[in-house]
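Q: The structure that follows is given in the form of structure tokens.
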Amino acid sequence: MSANDLKATKKLQASFISPTPQTGPDQDHINSTEHIREHTIADEISERTFQDVSLCYQCGKCSAGCPVRYYMDIAPNKVVRLIQLGFYEDALKSDTPWLCAGCLTCSTRCPKEFDLAKFMDAVREIAIEKGVEIKQKNIIKFHKAFLDQIKSHGRAYEVGLVAEYKMKTMDLFQDVDSAPGMYFKGKLGLLPHNIKDRKGVKSIFKKTSGK
Amino acid sequence: MDKEKWEPKIVAFVCNWCTYTGADLAGTSRMKYPANAKMIRVMCSGSIDPVFIIKAFERGADGVLVSGCHPNDCHYNAGNFHARRRWDFFHELLDFIGIEKERLQFSWISASEGKKFADVIAKVTKDIKTLGPFTAYKKMNSEFTAVFPEIQEVVKETIIKEKETV
Amino acid sequence: MKIGVFICHCGENISRTVDCPRVARVCESYPGVEYAIDYKYMCSDPGQNMIRDAIREKGLDAIVVGSCSPHMHERTFRNAAVSAGINPFLVEIANLREHCSWVHDDVEAATQKAIELVRMAIEKVKRDKPLSKINVPVTKRVLVIGGGIAGIQAALDTANAGYEVVLVEKEPSIGGHMSQLSETFPTLDCSQCILTPRMVEVYQHPKIKLLTYSEVVKIEGFIGNFKATIKKKARHINEELCSGCGLCITKCPTKKKAYNSFEEDLAFRPAVYIPFPQAVPNIPVIDESVCMYYKNGKCGMCVKVCDRGAIDFDQKDTMLVADIGAIIVATGFKLYNIDKKAADSKYKGYGEYGYGKYRDVIDGLQFERIASASGPTAGEIKRPSDGKVPKKIVFIQCVGSRDDSKGISYCSKICCMYTAKHAMLYKHKVHDGEAYIFYMDIRAGGKMYEEFVRRAIEEDDVKYIRGRVSRIYEENGKYIVKGEDTIAGMPVEIDADLVVLATAMIPQENSAALARTIGIPYDKYGFFNEAHPKLRPVESTTAGVFLAGACQSPRDIPESVAMASAAACKATILLSSDTLEREPVVAKVNEDLCAGCFYCKKVCPFGAIEVKDVKDMNGIVYKEVAYINQGVCQGCGTCTATCLSKSIELAGFNNEEIFAEIAAL
Amino acid sequence: MTSMEEVIMKYGYYPGCSQTGSAKEYDISLRKVIEKLGASFDEINDWSCCGATSAHVTNHKLSSALAMRNIMLAGQQGLENMVAPCAACYNRLVTSQYEISKHPELREETEELLSAKFQKEINVINILELFLKIGINKIIENRKRELSELKVACYYGCLLVRPAAITKFDDAEQPVSMEKIVESTGAKTVDWNYKVECCGAAHSIARRDIVVDLSKKILEDARSHGANVIAVACPMCHTNLDMRQRAMKRTYPGHEELPVLYLTELIGLALGMNEHELGIDLHYINYKYTDPVPDNTVA
Ligand SMILES: Cc1cc2nc3c(=O)[nH]c(=O)nc-3n(C[C@H](O)[C@H](O)[C@H](O)COP(=O)(O)OP(=O)(O)OC[C@H]3O[C@@H](n4cnc5c(N)ncnc54)[C@H](O)[C@@H]3O)c2cc1C
Ligand SMILES: Cc1cc2nc3c(=O)[nH]c(=O)nc-3n(C[C@H](O)[C@H](O)[C@H](O)COP(=O)(O)OP(=O)(O)OC[C@H]3O[C@@H](n4cnc5c(N)ncnc54)[C@H](O)[C@@H]3O)c2cc1C
Ligand code: SF4
Ligand code: SF4
Ligand code: SF4
Ligand code: SF4
Ligand code: SF4
Ligand code: SF4
Ligand code: SF4
Ligand code: SF4
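Chains as they are written, first to last, in our numbering: chain A, 252 to 462; chain B, 1130 to 1295; chain C, 13 to 677; chain D, 63 to 361.
Encoded structure:
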């Protein structure tokens, strides 16, 4: 999928609000008996997570137990709702998926056995792929910095991670409590642990991100 | 045979409660469909013996339709579930016998689905027309009757497999 | 065989597209056909007379009528044939209207098809055998299993229609769950007040034989002719002698030895007990597992105080056998609980609500007892742990219900209503209390139901919060209920004093076993299946067995009672004739051919097939064959298609007949 | 062929990145305790990061491949089982393996990414399962002292027992296995409400405010239920509950410190090792166990 798909979503969103009859030359291409449904973002999420988004019946139990619920702009169940209804842009722009800590509380308790944590993974993934602007910038920068360490060394390298993260966010003071303490207690190695097969790991990154 | 003028002969085994009544409704509603299919009424699709179908082909039918109630609507509760299982296996075995499996079709038509009945008959007729006449029946008449015990074996096999899934 | 063929024009309905005279002409020359004619209206009186006359004059053995659908006039023509002396099953109909003239335009094609249809009918009728209706005698007695409100109503209606009833209840008293309820929606009338008179009526009815503390262990036979074996468990009290004075109970030293299950374990009872004050019959039972006499042979206090000498430690379980014509199953439901369940259970428990470890997280029936004037708190709302009056109460709906992850996908249907009732009762008793209800949807589809729920909200100020609760835990004597208001899109946390869970209605524990005993189907949960969800809602698919109340699916009292009356009516219809007439379309086994594989037995949806021993002259069994009970068989023919040795025939639709139809194509 | 005893007591070991840095003491104490109990580890050669939260929240396929790389390495090394002491690693490893076995498409894609075929399933176990396998009795037998002064709140965090269908271990809502292990040290455990509540691990750096709030609640619940120490079985949990107490003091003035020990450290103490040996002195909150009776046997 490309970033352009989101535009199509917008159109869909508009037509959801006030359905406009499809007329005009396009109509000619449509074989009336074999109407092919558009592959929507909802379908895409269902496929990636191996579960149909329509399973969710909006009971809210997930949101009720979510530990980070209070920090989110919209409730986790509402993100599912937005996707179900085709309001993709609102869902992808929400900071809820980014604040989701992946704790699986929701997935464990969902009466419909809908794996919401996995759903959130897919929403984030698609948001990145579509280049949606994400409000929780620090979180995404953190993930980026973390993955960069693995890409170069094969393992997480904490000093490198913090350095890269700080560079990216210019948030230089935030972690003053821990890093120095850790350093003096000898818990932060100054040099990275490089694995032997770095090439192999790098190639995985390359193949999955195209970079 | 003159392909233009050839009209396929189709036998439809239908259950008394749903499909037969659905066909009545198609009639009452004056829906039109090709005249090729002749219906044989049985009490339940569960009672349709695979041998009936082979017999029909043997008699020169070009296609067979089996139709009963929708899975949860069976007048007899579960009869059509048995039918369904049986046909799954039987379909495969038709191929083995040397009859294109497209010649045997299944559908669920309820008593209120007159339109569906008409559509199904139209579709089956069209499909069979595309397949062309079933000529092997002449061979069946001589050879097939001779190897009838073998067909029995085949049929037995389908039924045993069905048992295993009960 | 001489066959007559009668082709109807149906005014112009058939003749417009089918050349009727031609059809008749072609048929005339068909082998076996003695006479063929066409006529404008075959079903009219002159038309029928024409048939009768032809039968008599030409000496016909069988007839074929080419007309409208057999569903329209098969009966008409069969009757005409019968009046002229032909067996009704030697009449075949070729459907020339619905299946031919109305659906085709081309006269040639339609006529050709009509000829083939008639020919098929001729070939079939040649092989038809005369059949006669099957008559089975009927025993005029009804067995009602389960003595809840449904069973009580069914027993009373049947008995009032003049038939004998045997009512079997497994508990020491009838009354079922309704006897535990405080007040009932949607009118808030007292449950006991409306139920007790009916319980007494059952007890006193001359036509009802009440067997409490009893269970049905075996059902044999078929419609009109069942035989029921009933186990009457030992009460250790002689029912004839006991006057119900209750002295034994007050004097029994084991005062608080056992949980009182009628009070949903919120109170205790001694070894000898009457489940509740209004119990019917008002006769105690001795619980062997608690009684000291059974433990160590000591005590016997009850024997000393009972001046009627009714205590009988030696009483044993007894077996009774009854002949029965019809059965009404009314065994009711059970309440799901949130406890940790065994790994092999169909259901899972609620770890997130503590698996039942909090004493003040109770279920609906416990709340009924707390709210009941005759309950353990005398109707004062107090919480179980410390007896405090809860100032903040939270009700949670759909607990277990509509929850795939716990194993129950259905809606329990009654809990929306009783939760509204509970909240109202609470507010009526604790004026300064706060009541919250977590719900997903409010299902209040019944007469005055929605109004009832609105009253709770508008008049009694009950706060409904739309969302499922994620967790409950205890903190300093309060129960933290974590939910989300999905309408406001806001998380909600309530520190409740008492939490009431509207847990799911599930089938009785033994329902599947009972279903197998009776021979009726049940769904994946264990609720009994009706024959048709719309048109035969109180009949099981087994002829002569009817269903009433919550054993079929979650039901409230009005529905249970309606079902019970309907089931009683169905049963009395059955008993109203001395013999039962059945269509002769039934299957029959050729015992010589039958290989005894019993595949047929497995597939028969009605359990009509039994194993029969075939004996030689010396009475020694030399093989087992399938035997089809003609009273039970419904004639679906599934067995015939299944039988590998082709040893079953379905009357009226045997293989020969069908092959003939095929051959006639 | 090795003897029966050795087969059972030898475990594949996947330390995970934290174990080499911020959770050094977890690694140290785990190895020492295992040795004392007569078991041994076979570390996965050239293991790499499992991708942790960052991979699986942003790129499902990458996450799957990074985790599976290690499982495959374990297979190549001839291992049957593999201990992942970090709850997050454990969760990633079991979940990835489960998903691959369930969804052939994913399996194919992952195999392609790794240019290798997935040969055999590895029984990935968490730290609690490890001790249950070694046997609680072993701990009791080797115990040098009873930690009877301790009232422990066992903190499982979110990822150790979830999702139940995949981990198939203990109970997802009311687990009890850590309590069993802790009690074998002679310590008491408390019944509390936050044992499976999430500490916000993933946001430790980017949204410290959230982590501080969540961790504070966990600590307070433990304390209010009478705990004088929290036992954890995950480096992330430890970082958040231990190190973040410093930030907590700023956000919540008056915050009282509560020591947070790795489960392995608790066992180590019971087996007679001292705080320094176990790396407890590397924690942010200093902790020293004091025996009730001074002359108790200390190794
Ligand atoms: C908390 C709660 C509140 C409710 N409030 C209301 C209300 O306000 N209004 C309303 O209309 N409905 C209410 N209901 C619903 C009502 O209880 C049921 O509709 C009604 O009890 C169903 O009656 P029943 O006879 O079908 O089943 P039950 O009452 O369950 O009776 C079944 C009887 O069969 C017996 N039995 C079971 N198995 C066997 C066996 N194998 N052999 C012999 N006997 C057997 C049982 O012991 C029992 O006596 C409430 C239900 C609950 C749980
Ligand atoms: C849109 C819609 C969809 C539905 N879908 C379903 C469904 O899927 N499944 C389902 O179970 N139910 C469904 N229902 C409900 C179902 O239609 C009713 O339950 C059912 O028709 C009620 O039957 P009845 O005989 O009580 O009433 P009616 O069907 O209303 O029959 C009453 C009859 O009495 C006659 N009558 C009225 N007054 C007099 C008089 N004074 N003298 C003589 N005759 C009189 C009327 O002409 C009529 O023939 C649906 C209803 C609606 C409106
Ligand atoms: S708990 Fe499950 S069903 Fe309920 S709203 Fe959340 S995802 Fe949907
Ligand atoms: S997985 Fe995410 S959405 Fe679900 S409960 Fe945890 S933090 Fe909330
Ligand atoms: S058994 Fe005796 S004492 Fe007890 S209630 Fe009956 S008559 Fe009274
Ligand atoms: S013998 Fe049993 S029932 Fe009778 S008084 Fe003693 S304990 Fe009670
Ligand atoms: S009746 Fe109401 S509370 Fe009960 S399961 Fe249905 S929706 Fe839930
Ligand atoms: S009025 Fe009809 S649509 Fe509305 S809640 Fe009731 S049943 Fe549903
Ligand atoms: S299937 Fe046929 S052979 Fe087998 S038991 Fe039944 S009747 Fe007999
Ligand atoms: S015809 Fe149907 S009901 Fe009768 S015995 Fe055979 S399978 Fe059973």
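By construction, the Cβ of each residue, glycine as well, lies at the ideal position given by its N, Cα and C atoms.
From a predicted model like this one, the values you see are computed outputs, not experimental measurements.
(1) What does the alpha-carbon distance come out to for the pair C:Met502 and C:Ser417?
(2) Anything in chain D within Cβ reach of A:His444, meaning under 9 angstroms, just list it in chain order.
(3) Of all the CB atoms in chain A, is at least one closer than 7 angstroms to the CB of C:Ser417?
(4) How would you label C:Ser79, buried or exposed, when you count the other beta carbons within 10 angstroms and need 16 or more for buried?
(5) Got a sec, what are the start and stop residues for the beta strand (DSSP E) B:Cys1144 sits in?
(6) Give me the Cα-Cα distance between A:Ile455 and A:Cys351, rounded to the nearest whole angstrom.
(7) For C:Val94 and B:Ala1190, what's the separation of their Cα atoms in angstroms?
(8) Mark A:Gly275 as exposed unless 16 or more other C-beta atoms lie within 10 angstroms of its C-beta, in which case mark it buried.
(9) What does a CB cutoff of less than 7 angstroms around A:Ser345 pick up in its chain, not counting 5 residues either side in sequence?
(10) Could you compute how far the alpha carbon of D:Val258 sits from the alpha carbon of C:Arg480?
(11) Please go through the segment 147-199 of chain C and give each complete alpha helix (DSSP H) segment of 4 or more residues, from N-terminal end onward.
(12) Near ligand 5, which residues have their beta-carbon less than 6 angstroms from any of its heavy atoms, given in chain order?
(13) On the premise that C:Leu129 lies in contact with C:Ile26, defined as a C-beta separation below 8 angstroms, what is that separation, rounded to the nearest angstrom?
(14) Would you check if the segment 261-276 of chain C and the segment 350-357 of chain C touch, i.e. whether three or more CB-CB distances between them fall below 8 angstroms?
(15) Starting from C:Met502, trace the beta strand (DSSP E) both ways and give me its first and last residue.
(16) Where does C:Ala48 fall in DSSP's three states?
(17) Taking C-beta pairs closer than 7 angstroms, name the residues in chain D that C:Gly643 reaches, listed in chain order.
(18) Please report the distance separating the alpha-carbon of C:Val626 from that of C:Cys645.
(19) Can you tell me where the beta strand (DSSP E) with C:Phe234 in it begins and where it stops?
(20) How is the beta strand (DSSP E) around C:Asp335 delimited, first residue to last?
(21) Would you say the beta carbon of D:Asn107 is closer than 6 angstroms to some non-hydrogen atom of ligand 3?
(22) Under 7 angstroms, Cβ to Cβ, is there at least one residue of chain C near D:Glu235?
(23) For the alpha helix (DSSP H) containing D:Gln139, list its first residue and its last residue.
(24) Within 10 angstroms of its Cβ, does C:Arg87 collect 16 or more other Cβ (buried), or is it exposed?
(25) Would A:Ser358 pass as an interface residue toward chain D - the criterion being a Cβ-Cβ separation below 7 angstroms?
(26) Could you pull out every unbroken beta strand (DSSP E) segment of at least 3 residues lying fully inside the segment 443-474 of chain C, listed in chain order?
(27) Using a Cβ-Cβ cut-off of less than 9 angstroms, give me the residues of the segment 336-359 of chain A that come near chain D, in sequence order.
(28) Any heavy atom of ligand 1 within a distance shorter than 6 angstroms of the CB on C:Lys138?
(29) Counting only beta-carbon atoms, is C:Gln564 nearer than 7 angstroms to chain B?
(30) List, in order along the chain, the chain B residues whose C-beta lies closer than 8 angstroms to that of C:Cys648?
(31) With a threshold of 7 angstroms between beta carbons, is C:Arg480 in contact with chain A?
(32) Using a threshold of 7 angstroms, state whether the C-beta atoms of D:Glu324 and D:Ser102 are closer than that.
(33) Using the C-alpha atoms, what's the distance from D:Tyr346 back to D:Leu194?
(34) Would you mind stating whether C:Ile15 and C:Ala74 have Cβ atoms separated by less than 7 angstroms?
(35) Quick check: is the beta carbon of A:Cys310 nearer than 7 angstroms to any beta carbon in chain C?
(36) With distances taken between CB atoms, is the gap from D:Leu128 to D:Cys148 smaller than 7 angstroms?
A: Per the coordinate set shown:
(1) Near 24 angstroms, if we compare the C-alpha coordinates of C:Ser417 and C:Met502.
(2) In chain order: Cys79, Thr82, Gly83.
(3) Taking Cβ atoms only, chain A reaches closer than 7 angstroms to C:Ser417, which makes this a yes.
(4) Flag for C:Ser79 reads buried.
(5) Going by DSSP, B:Cys1144 is part of the beta strand (DSSP E) stretching over 1139-1144.
(6) Note on geometry: alpha-carbon atoms of A:Ile455 and A:Cys351 lie some 26 angstroms from one another.
(7) So the two alpha carbons sit approximately 36 angstroms from each other.
(8) Low confidence applies to A:Gly275: its pLDDT is 38, below 50, so where it sits in the model is not reliable, and the reading given next is rough at best. Answer is exposed; the Cβ neighbour count stays below 16.
(9) So the qualifying residues of the chain are Asp324, Ile325, Val330.
(10) Using only the alpha carbons, I get a separation of about 19 angstroms.
(11) The DSSP assignment places 161-172 as complete runs of the alpha helix (DSSP H) inside the segment 147-199 of chain C, in order along the chain (cut-off: 4 residues).
(12) Chain-ordered, the residues whose CB falls short of 6 angstroms from any heavy atom of ligand 5 come out as C:Ile249, C:Cys254, C:Ser255, C:Gly256, C:Cys257, C:Gly258, C:Leu259, C:Cys260, C:Pro296, C:Val317, C:Cys318, C:Arg320, C:Ala322, C:Ile323.
(13) So it is not a contact: roughly 11 angstroms between Cβ atoms.
(14) The answer is no - the segment 261-276 of chain C does not touch the segment 350-357 of chain C, with fewer than three Cβ pairs under 8 angstroms.
(15) C:Met502 -> beta strand (DSSP E) spans 502-508.
(16) In this structure, C:Ala48 counts as strand in the three-state DSSP scheme.
(17) Neighbours of C:Gly643 on chain D: none; closest Cβ ~48 angstroms, over 7 angstroms.
(18) For C:Val626 and C:Cys645, the distance between alpha carbons rounds to 21 angstroms.
(19) Unbroken beta strand (DSSP E) run through C:Phe234: 226-234.
(20) Per DSSP, C:Asp335 belongs to the beta strand (DSSP E) from 330-336.
(21) In this structure, the C-beta of D:Asn107 stays at least 6 angstroms away from each heavy atom of ligand 3.
(22) Look at D:Glu235: its C-beta is under 7 angstroms from a C-beta on chain C.
(23) Counting along the chain, D:Gln139 sits inside no alpha helix (DSSP H), nor does DSSP assign it H or E at all.
(24) It counts as exposed.
(25) True, the Cβ-Cβ gap to chain D drops below 7 angstroms.
(26) Listed in chain order, they are 446-451.
(27) Residues Pro348, Trp349, Leu350, Cys351, Ala352, Gly353, Cys354, Leu355, Thr356, Ser358, Thr359.
(28) Not so, every heavy atom of ligand 1 lies at least 6 angstroms from the Cβ.
(29) Taking 7 angstroms as the CB threshold, C:Gln564 stays off the interface with chain B.
(30) Going along chain B in sequence order, the residues near C:Cys648 (Cβ under 8 angstroms) are Met1172, Cys1173, Gly1175, Ser1176, His1204, Tyr1205, Gly1208.
(31) C:Arg480 counts as touching chain A.
(32) The identity of residue 324 of chain D in the sequence shown is Tyr, whereas the question assumes Glu. Not closer than 7 angstroms, so no.
(33) Approximately 29 angstroms between the Cα atoms of the pair.
(34) Yes, the Cβ-Cβ distance between C:Ile15 and C:Ala74 is below 7 angstroms.
(35) Yes, A:Cys310 lies at the interface with chain C (some Cβ there is under 7 angstroms from its Cβ).
(36) Taking 7 angstroms as the Cβ cut-off, D:Leu128 and D:Cys148 do not qualify as a contacting pair.
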